[in-house]
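Okay, structure first, notes after.
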Amino acid sequence: MKVLGIDEAGRGPIVGAMVMAGVMGEEEKFRAMGAKDSKMLSPRQRERLFDQIIAAAAAYKIILIPPAEIDEAVLSKKHNLNWLEADHTAEIIEELKPDKVIIDCPSNNIKQYVRYLSSKLSYQPEIVMEHQADVNYPIVGAASILAKVTRDREIKKIEEKVGPLGSGYMSDPVTQEFLKRHYEKFPEIFRKSWKPYKKTLDGKNQKSLGEF
Numbered sequence: 015m016k017v018l019g020i021d022e023a024g025r026g027p028i029v030g031a032m033v034m035a036g037v038m039g040e041e042e043k044f045r046a047m048g049a050k051d052s053k054m055l056s057p058r059q060r061e062r063l064f065d066q067i068i069a070a071a072a073a074y075k076i077i078l079i080p081p082a083e084i085d086e087a088v089l090s091k092k093h094n095l096n097w098l099e100a101d102h103t104a105e106i107i108e109e110l111k112p113d114k115v116i117i118d119c120p121s122n123n124i125k126q127y128v129r130y131l132s133s134k135l136s137y138q139p140e141i142v143m144e145h146q147a148d149v150n151y152p153i154v155g156a157a158s159i160l161a162k163v164t165r166d167r168e169i170k171k172i173e174e175k176v177g178p179l180g181s182g183y184m185s186d187p188v189t190q191e192f193l194k195r196h197y198e199k200f201p202e203i204f205r206k207s208w209k210p211y212k213k214t215l216d217g218k219n220q221k222s223l224g225e226f
């Protein structure tokens, strides 16, 4: 049986892409190497496991979803972030063609998410959809590691162009300061549909009106 694990990284930050990854292979191989939820590992451990996972995988796929595509989904009246993630989940499934897929569910409504995902597929594999699947299944943990390492590498690439920006999450003071200083200079790296960006932009516009 061909088993596929799928997870994402970077769903919440205001800077950079969301990354989705799918890993297909023998779950025991990933368990033996220590693959688990990427949040339970140090950056060094994740980097070490990244190449091991790719070597052990029967197949894998990584997708980067840029800020502009995220904004389009969030601002749409018919779409949202969950459906965007499901669309790319379907893309991974359609390319790798597993018999069974285990997915870390981003939605509170698991049944609705499964229905939507199933509607996007040309065939129906066995679907295991759970919260914390990245904790419970090593193959999903492996996918979370590929996604997280890829996301971190993308942030480093951005920093090489724009300077230190922190983690990209608004809980990070470095990211907060970077947004205030550079939201106009580097608009393409920000998720403009996020409230902190809109609030920063509104504050700028109000300041400009006050100058008249």
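According to my numbering, the sequence shown is numbered sequentially starting from 15.
We put the beta carbon where it would ideally sit given N, CA and C, even for glycine.
Proximity below 8 Å, CB of residue i to CB of residue j
i, j, result
"P178", "L193", "no"
"M38", "Q66", "no"
"C119", "H93", "no"
"I203", "P81", "yes"
"V88", "L78", "no"
"G182", "V29", "yes"
"F44", "I153", "yes"
Nearest neighbour of residue i, chosen from the options [CA to CA]
i, options, result
"L18", "D51, E83 and I116", "I116"
"D113", "E140, A147 and A104", "E140"
"E109", "I20, L98 and P152", "I20"
"N123", "M143, I107 and S136", "M143"
"A161", "T103, S90, K91 and E41", "T103"
"G36", "A69, E22 and Y197", "E22"
"Q138", "E40, I107, K125 and V163", "I107"
"V163", "E42, A49, E41 and E40", "A49"
"E198", "D186, M184, V188 and D216", "D216"
"G24", "I169, K213 and E191", "I169"
"A73", "Q59, E41, S56 and E83", "E41"
"R58", "E191, V188, W208 and D166", "D166"
"A31", "L98, K213 and E105", "L98"
"V176", "P201, S185, P187 and M184", "P201"
Beta-carbon proximity list for residue i, same chain, < 7 Å, skipping 5 on both sides
i, result
"D51", "D148, V149, G155 and S158"
"A100", "Y127, Y130, L131 and K134"
"T214", "L193, K194 and Y197"
Identified DSSP bridge partners for residue i
i, result
"I141", "V115"
"D21", "A35"
"V29", "F204"
First and last residue of the uninterrupted alpha helix (DSSP H) at residue i
i, result
"Y197", "Here Y197 belongs to no alpha helix (DSSP H), and DSSP marks it neither H nor E."
"Y127", "I124 to S133"
"A73", "That residue, A73, is in no alpha helix (DSSP H); its beta strand (DSSP E) goes A73 to I79."
"D166", "P152 to V176"
"M54", "Careful: M54 lies outside any alpha helix (DSSP H) and carries neither H nor E."
"L179", "Premise fails: L179 is in no alpha helix (DSSP H) and is neither H nor E."
Beta-carbon contacts of residue i that lie in its chain and below 6 Å, excluding the five residues immediately before and after
i, result
"K206", "D85"
"F226", "Residue placement at F226 cannot be trusted, given a pLDDT of 37 that sits under 50; what the coordinates show is reported in the next sentence. Within the same chain, F226 has no close Cβ partners at all."
"S222", "Interpretation of S222 is limited by its pLDDT of 44, a score under 50 that renders its predicted location unreliable; the figure taken from the coordinates is listed afterwards. If we look at S222 and ignore the five residues flanking it on each side, it has no Cβ neighbours."
"H196", "none"
"S121", "N96 and Y127"
Other residues of its chain near residue i: CB distance less than 8 Å, five sequence neighbours each side excluded
i, result
"M228", "The structure shown does not extend to residue 228, since the chain spans only 15 to 226, so no value can be given for it."
"G224", "With a pLDDT of only 43 at G224, under the threshold of 50, the placement of this residue in the model should not be trusted, and no figure is reported."
"P187", "G180"
Residue i at chain B interface by Cβ criterion, 8 Å
i, result
"R25", "You won't find chain B in this structure, because it holds only one protein chain."
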